[in-house]
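Data block below; observations after.
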Amino acid sequence: MAPPQGSDISLNPPTVKSSGILILALNRHKSLFRFLETTPISWTGKKFLYTSSSLRIWYTNTFLILISTTTLPSLYFLVRPIFSTSGSLPFKNFVVFVGILLCGIFNVWVNIAQILYGKEFVLVLNEFDDIIKTLLNQYPSCVQNKQTSNLDVLFKLFNDAFLTYVILCPVGCILYKLDPLYFLLKEFYEVSENNFLEVRLLLAIRYCFIVIVCSESCRLFPLIFILFLSGLRLCYTNLKILSSLTTRKEGVLIHKLLLLHKSTTILVRLAGKFQESVTLCLMGIGLVLSMLFNFAVVKGLGRIPLHLYWYIVSGTGMILIVIHILMLYPYRISDVSLDLLGTWVWSASLNESYLRRRYYRKKVRAMGVVEIAGGIGENRFYVLKRSTEVKYFAIIVAYTINLLLGIPPDLLDDLR
Numbered sequence: 001m002a003p004p005q006g007s008d009i010s011l012n013p014p015t016v017k018s019s020g021i022l023i024l025a026l027n028r029h030k031s032l033f034r035f036l037e038t039t040p041i042s043w044t045g046k047k048f049l050y051t052s053s054s055l056r057i058w059y060t061n062t063f064l065i066l067i068s069t070t071t072l073p074s075l076y077f078l079v080r081p082i083f084s085t086s087g088s089l090p091f092k093n094f095v096v097f098v099g100i101l102l103c104g105i106f107n108v109w110v111n112i113a114q115i116l117y118g119k120e121f122v123l124v125l126n127e128f129d130d131i132i133k134t135l136l137n138q139y140p141s142c143v144q145n146k147q148t149s150n151l152d153v154l155f156k157l158f159n160d161a162f163l164t165y166v167i168l169c170p171v172g173c174i175l176y177k178l179d180p181l182y183f184l185l186k187e188f189y190e191v192s193e194n195n196f197l198e199v200r201l202l203l204a205i206r207y208c209f210i211v212i213v214c215s216e217s218c219r220l221f222p223l224i225f226i227l228f229l230s231g232l233r234l235c236y237t238n239l240k241i242l243s244s245l246t247t248r249k250e251g252v253l254i255h256k257l258l259l260l261h262k263s264t265t266i267l268v269r270l271a272g273k274f275q276e277s278v279t280l281c282l283m284g285i286g287l288v289l290s291m292l293f294n295f296a297v298v299k300g301l302g303r304i305p306l307h308l309y310w311y312i313v314s315g316t317g318m319i320l321i322v323i324h325i326l327m328l329y330p331y332r333i334s335d336v337s338l339d340l341l342g343t344w345v346w347s348a349s350l351n352e353s354y355l356r357r358r359y360y361r362k363k364v365r366a367m368g369v370v371e372i373a374g375g376i377g378e379n380r381f382y383v384l385k386r387s388t389e390v391k392y393f394a395i396i397v398a399y400t401i402n403l404l405l406g407i408p409p410d411l412l413d414d415l416r
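The sequence shown begins at 1 in the UniProt record's numbering and counts up by one.
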């Protein structure tokens, strides 16, 4: 009996189990953040869709303008002490303003990347899914039945946690006077504490401004995480199927395998503009946020209210998990691709025809390894290798120690 249309079962493709979990995660993200569906890259429930209509882009640009209303005041108060003697910010506000500025930069960067390169990225995701479905329909013995329940739990926690942050972060910023609009009003507008209506109106305005950057950040962070993990997982699954076809002697000709590997390389490079630019942004912002969160965890115990402190601890753990998972698949993809090319060179040497051996050896050696990189546009700054994760975590630890040793203890007194 076929499952009913629209159910979770009918949405699972006949691929590996984790691909179905990724689809469930996308469906859950779409249902939780339905009120902010203004991104050019959308999810229909069965495939990815790029909407290039002027209305959708107009909505996106409107969000960019509204986000800048919170980001620019944060930048103003962070830069002002350099050019003025009016005094510095309290340390807790300095940390929060840096976080708001980074989130605003991330939101603007990702939205612009979606508008410019989202069409190619969506094409690659759907093309990978179609290739995998075709291969598994032709060679069903290549299905990999791996237990991925922990990934399912992670996605549920990830979506639910960011939905909770949409509610808690703006309320916390208003309650502890951490939003930049409070300082902006304090500097340019004299608020009468006795006027009940005026006070409540200003609170509503402050909440509307801070909730924009919080909600957009909490929507885009899990969306980009799931999108990237979907693409990486699909690429990795495609290469693993090719590896299975090579080792299991399925009777697939080597030129067909080479063609599929070449198609994978082309698709990865086609998605490179969006993936590389957002990867660069994620790694830069992840470095600074990791430093700030780790610093707050170490120095904030006993100074920060307990309910706010546990939010910081959970954020630290979530950042580390995201970094580890997103760093895990790029070097796995490169390793499988490199092993495949080596295996095919060896297989070509077993061919009885000298001309065929020579032809296939040259063709395999001319093919490049599938690599995931970070950069801007056509400029690839670095390739994500097996050692990149270790170096990245080492940089986070080193910079966190420098931050812990470089901040005077008297600046932390206002955290209470």
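Ideal Cβ positions, reconstructed from N, Cα and C, are used throughout, including at glycine.
Inter-residue Cα distance where the pair is residue i and residue j
{"i": "residue 329", "j": "residue 391", "result": "16 Å"}
{"i": "residue 375", "j": "residue 235", "result": "19 Å"}
{"i": "residue 385", "j": "residue 233", "result": "16 Å"}
{"i": "residue 311", "j": "residue 119", "result": "36 Å"}
{"i": "residue 90", "j": "residue 75", "result": "15 Å"}
{"i": "residue 324", "j": "residue 93", "result": "29 Å"}
{"i": "residue 299", "j": "residue 395", "result": "20 Å"}
{"i": "residue 78", "j": "residue 383", "result": "33 Å"}
{"i": "residue 367", "j": "residue 378", "result": "20 Å"}
{"i": "residue 340", "j": "residue 121", "result": "25 Å"}
{"i": "residue 26", "j": "residue 287", "result": "26 Å"}
{"i": "residue 132", "j": "residue 238", "result": "6 Å"}
{"i": "residue 73", "j": "residue 213", "result": "12 Å"}
{"i": "residue 372", "j": "residue 334", "result": "8 Å"}
Own chain partners of residue i with C-beta closer than 6 Å, once the 5 adjacent residues on each side are dropped
{"i": "residue 389", "result": "327"}
{"i": "residue 381", "result": "374 and 375"}
{"i": "residue 184", "result": "73"}
Three-way DSSP call (helix, strand, coil) for residue i in this model
{"i": "residue 172", "result": "helix"}
{"i": "residue 500", "result": "Outside the shown range of the chain, which is 1 to 416, sits residue 500, and nothing can be said about it."}
{"i": "residue 147", "result": "Interpretation of residue 147 is limited by its pLDDT of 48, a score under 50 that renders its predicted location unreliable; the figure taken from the coordinates is listed afterwards. Coil at residue 147, not helix or strand."}
{"i": "residue 48", "result": "strand"}
{"i": "residue 403", "result": "helix"}
{"i": "residue 27", "result": "helix"}
{"i": "residue 178", "result": "coil"}
{"i": "residue 77", "result": "helix"}
{"i": "residue 314", "result": "helix"}
{"i": "residue 408", "result": "coil"}
{"i": "residue 187", "result": "helix"}
{"i": "residue 215", "result": "helix"}
{"i": "residue 83", "result": "helix"}
{"i": "residue 33", "result": "coil"}
Cβ neighbour criterion (16 or more within 10 Å) applied to residue i
{"i": "residue 147", "result": "With a pLDDT of 48 at residue 147, under the threshold of 50, the predicted position of this residue should be treated as unreliable, and no value is reported."}
{"i": "residue 268", "result": "buried"}
{"i": "residue 402", "result": "exposed"}
{"i": "residue 302", "result": "exposed"}
{"i": "residue 275", "result": "buried"}
{"i": "residue 189", "result": "exposed"}
{"i": "residue 255", "result": "exposed"}
{"i": "residue 70", "result": "buried"}
{"i": "residue 398", "result": "exposed"}
{"i": "residue 365", "result": "exposed"}
{"i": "residue 296", "result": "buried"}
{"i": "residue 10", "result": "In this prediction, residue 10 has a pLDDT of 32, which is less than 50 and means its spatial position is unreliable; nothing more can be read from the coordinates."}
Cβ neighbours of residue i in the same chain (closer than 8 Å, five flanking residues each side left out)
{"i": "residue 161", "result": "314 and 318"}
Residues of its chain near residue i, where Cβ-Cβ distance is below 7 Å and the 5 sequence neighbours each way are ignored
{"i": "residue 30", "result": "43"}
{"i": "residue 221", "result": "162"}
{"i": "residue 22", "result": "226, 229, 230 and 233"}
{"i": "residue 264", "result": "235, 238, 239 and 370"}
Q. Can you list the alpha helix (DSSP H) stretches of 4 or more residues lying completely in the segment 222-309, in chain order?
A. Qualifying alpha helix (DSSP H) stretches, in chain order: 254-270 and 272-299.
Q) Residue ranges of each beta strand (DSSP E) run of no fewer than 3 residues wholly in the segment 329-393, ordered along the chain? A) If we require 3 residues or more, the beta strand (DSSP E) runs fully inside the segment 329-393 come out as 373-376 and 379-383.
Q: Could you tell me which uninterrupted alpha helix (DSSP H) segments, each at least 4 residues in length, are contained entirely in the segment 89-169, listed from first to last along the chain?
A: 91-138, all fully within the segment 89-169.
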